[in-house]
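Enquirer:
Residue numbers (our numbering): 480 to 759.
1. Tell me whether the beta-carbon of residue 663 lies closer than 9 Å to the beta-carbon of residue 631.
2. Inspect the beta-carbon positions of residue 620 and residue 680 and report whether they are closer than 9 Å.
3. Whole angstroms are fine: how far does the CA of residue 594 sit from the CA of residue 527?
4. DSSP puts residue 716 in a beta bridge; with which residues?
5. What does the Cβ neighbour count give for residue 724, buried or exposed, with the cut at 16 atoms within 10 Å?
6. Answer with yes or no whether the minimum CB distance from residue 548 to chain B is below 9 Å.
7. Quick one: what's residue 576 bridged to in DSSP?
8. Grab me the residues of residue 691's own chain with a C-beta within less than 6 Å of its C-beta, minus the 5 sequence neighbours each way, in chain order.
9. Leaving aside the five residues before and after residue 709 along the sequence, list all residues of the same chain whose C-beta is less than 8 Å from its C-beta, in chain order.
10. Only counting the same chain, and skipping five residues up and downstream in sequence, which positions put a Cβ closer than 6 Å to that of residue 745?
11. Hey, quick one: how far does the alpha helix (DSSP H) through residue 734 stretch, first residue to last?
12. If we call anything under 9 Å between Cβ atoms a contact, is residue 583 one with residue 561?
13. Using C-beta distances below 8 Å, list every residue in its chain close to residue 694, excluding the 5 sequence neighbours before and after it, in chain order.
14. Taking 9 Å as the threshold (C-beta atoms), are residue 647 and residue 614 in contact?
15. Give the secondary structure of residue 680 by DSSP, where H, G and I count as helix, E and B as strand, and everything else as coil.
Put into structure tokens, the structure is as follows:
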């Protein structure tokens with residue numbers, strides 16, 4: 480029997496009950512997308528697909544080396560790795576899945592934080608607008624009854640949902656927000672609700688919001704990490720047992736200034752420097 484991921488304190492037999500598949504519209508499938516015909520097989524979270532496709536193309540241009548990319552939800556990919564998928568490197572949007580694989584002894588070397596996630600506040604046109612204190616404006620809108628539906632990802636399982644709840648609690652608006660709260664199964668579903676115009680306000684990951692072009696349908700503003708204390712949005716990568724020299728070279732490139740610039744353009748922050756991040 481294959482490995483099963485622990486979700487909170489409960490072990491589930493079917494990972495689908497723990498990790499809903501990250502989805503958008505049918506024109507953006509979550510699937511194997513070989514950037515080139517050969518090279519190391521890289522498993523990566525779907526939320527970083529635009530960034531990693533640009534990055535792998537740049538890597539090929541600079542070095543002449545290629546990689547093959549496979550995208551999906553971090554939980555799906557982690558379960559595939561645990562059940563023998565031949566990936567050489569795993570880039571997760573959630574540190575918990577990386578740590579799970581480390582605990583199973585299915586990794587090589589220490590994980591490295593390649594980027595820090597950015598929580599964004601989306602609001603329908605004319606509701607909040609650009610402001611130095613968006614959560615203060617949100618509080619006023621809640622008091623006025625201008626917000627009928629507010630969506631966050633499930634805070635029990637999704638880091639961005641946990642960050643959204645912490646931000647609302649920190650600002651003193653959690654009690655009011657709960658009266659109009661809609662909980663998405665995951666961050667992708669929260670973006671989907673916003674994209675379809677079903678909500679007034681949504682707390683969403685900036686990379687997914689940019690991918691969905693939410694800034695064209697409403698107002699989108701990045702939120703500082705200080706407003707959700709004690710919640711980390713670090714995104715980690717880790718080498719897997721099948722990693723060869725070419726994988727190590729790409730792994731090192733992902734920690735370069737060139738790569739950080741590309742991740743930044745796609746809505747992610749630079750990681751906080753650590754000893755692990757200095758390892759090659």
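Don't be surprised by glycine CBs; every beta carbon is placed ideally from N, CA and C.
None of these values were measured; they are calculated from a predicted model.
Expert: Reading from the atomic positions:
1. yes
2. Yes. Within cutoff.
3. 10 Å
4. 570 and 591
5. Under a 10 Å Cβ-count criterion, residue 724 is classified as exposed, with fewer than 16 other Cβ atoms of the shown protein chains found around its own Cβ.
6. Although the question refers to chain B, the structure presented lacks it and comprises just one protein chain.
7. Answer is none; residue 576 lacks a bridge partner.
8. 670 and 674
9. 645
10. 529, 530 and 686
11. Run containing residue 734: none; DSSP gives neither H nor E here.
12. yes
13. 688
14. Taking the C-beta atoms as reference points, residue 647 is found nearer than 9 Å to residue 614.
15. Strand at residue 680.
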